[in-house]
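Residue numbers (my numbering): 4 to 76.
In what follows, a structure is listed as structure tokens, so that the remarks can point back to it.
Structure follows, in structure tokens:
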């Protein structure tokens, strides 16, 4: 199943400073889960992106019924 997402991550910049940078990711992500676990799996995948990019947290995730697209084959 696929979901389109917009996620805004907060990253301290530079290290030790109180300043923050916000990075926005837009795209489509595919997860194995279906049904009730689908949204949880998408959020988990976005947390994985944050970890890979050394970002501190997800400040906002926009997942609404209008942008979640479920594809079954």
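By construction, the Cβ of each residue, glycine as well, lies at the ideal position given by its N, Cα and C atoms.
Apart from the five residues just before and just after residue i, which ones in its own chain have a Cβ nearer than 6 Å to its Cβ?
i, result
"residue 29", "9"
Output needed for residue i: all residues of its chain with C-beta closer than 7 Å, excluding positions within five of it in sequence on either side, in chain order.
i, result
"residue 37", "4"
"residue 45", "6, 8, 32, 34, 66"
Do residue j and residue i have their beta-carbon atoms positioned less than 8 Å apart in this structure?
i, j, result
"residue 11", "residue 27", "yes"
"residue 13", "residue 58", "yes"
Where do the N-terminal and C-terminal ends of the alpha helix (DSSP H) with residue i fall, by residue?
i, result
"residue 55", "41–55"
Identify the residues that DSSP records as bridge partners of residue i: which are they?
i, result
"residue 30", "8"
"residue 22", "DSSP output for residue 22 lists no bridge partner at all."
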